[in-house]
């Protein structure tokens, strides 16, 4: 992805969707209410990654600290989704990457698809 953007549209496409389609498919404005549940799911997934040996104990601690900070920032309104975020999951992934960095934050994607996130909320 370009410029550190977390995008669902990419890979095989030369360009992103047309602006009208991007606006139509953006759901962060009404699925933001799922943010606390998505963060709780991410905390649980991080524990699974630790149990599988994909995160060290230190990484799990730092991941949880980042998720805790993100949850607090969501709760007090200092972190919100933007029009560039396609959905609540994309926004929260961006927020975690901002708090713990791409090397650690990117590990949360291991073994979990976007469909898994949606189905478990």
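In the numbering used here, the protein residues as written are 1489 to 1609.
We treat Cβ as the ideally placed atom computed from N, Cα and C, and that holds for glycine.
Count the other CB atoms, across all protein chains shown, that sit within 10 Å of the CB of residue i; report buried if there are 16 or more and exposed otherwise.
| i | result |
| --- | --- |
| residue 1489 | With a pLDDT of 42 at residue 1489, under the threshold of 50, the modelled position of this residue cannot be trusted; read the value that follows with caution. That one is exposed. |
| residue 1562 | buried |
| residue 1536 | exposed |
| residue 1569 | buried |
| residue 1454 | For the chain, the structure presents residues 1489 to 1609; residue 1454 sits outside this window and is missing. |
| residue 1587 | buried |
| residue 1523 | buried |
| residue 1560 | exposed |
Can you tell me the Cα-Cα spacing of residue i and residue j, whole angstroms?
| i | j | result |
| --- | --- | --- |
| residue 1599 | residue 1564 | 30 Å |
| residue 1529 | residue 1605 | 8 Å |
| residue 1491 | residue 1593 | The pLDDT assigned to residue 1491 is 46, lower than 50, so where the model puts this residue is not dependable; a value taken from the coordinates is nonetheless given after this. Roughly 16 Å between the two C-alpha positions. |
| residue 1525 | residue 1602 | 14 Å |
| residue 1567 | residue 1558 | 7 Å |
| residue 1541 | residue 1582 | 24 Å |
| residue 1539 | residue 1519 | 30 Å |
| residue 1544 | residue 1597 | 15 Å |
| residue 1607 | residue 1532 | 15 Å |
| residue 1521 | residue 1590 | 25 Å |
| residue 1527 | residue 1609 | 10 Å |
| residue 1579 | residue 1585 | 10 Å |
| residue 1440 | residue 1556 | The structure shown does not extend to residue 1440, since the chain is modelled only from 1489 to 1609, so the question has no answer here. |
Ends of the alpha helix (DSSP H) at residue i?
| i | result |
| --- | --- |
| residue 1535 | 1523-1539 |
| residue 1565 | Run containing residue 1565: none; DSSP gives neither H nor E here. |
(message) Ignoring anything shorter than 4 residues, give me the alpha helix (DSSP H) runs that lie fully in the stretch 1569-1608, in order along the chain.
(response) Runs of alpha helix (DSSP H) with 4 or more residues, each lying fully within the stretch 1569-1608, are found at 1576-1588, 1590-1593, 1602-1608, listed in chain order.
(message) Measuring CB atoms only, is the stretch 1564-1584 touching the stretch 1532-1549, in the sense that at least three cross pairs come out at less than 8 Å?
(response) Look at the beta carbons and you see the stretch 1564-1584 not touching the stretch 1532-1549: under three pairs across the two are nearer than 8 Å.
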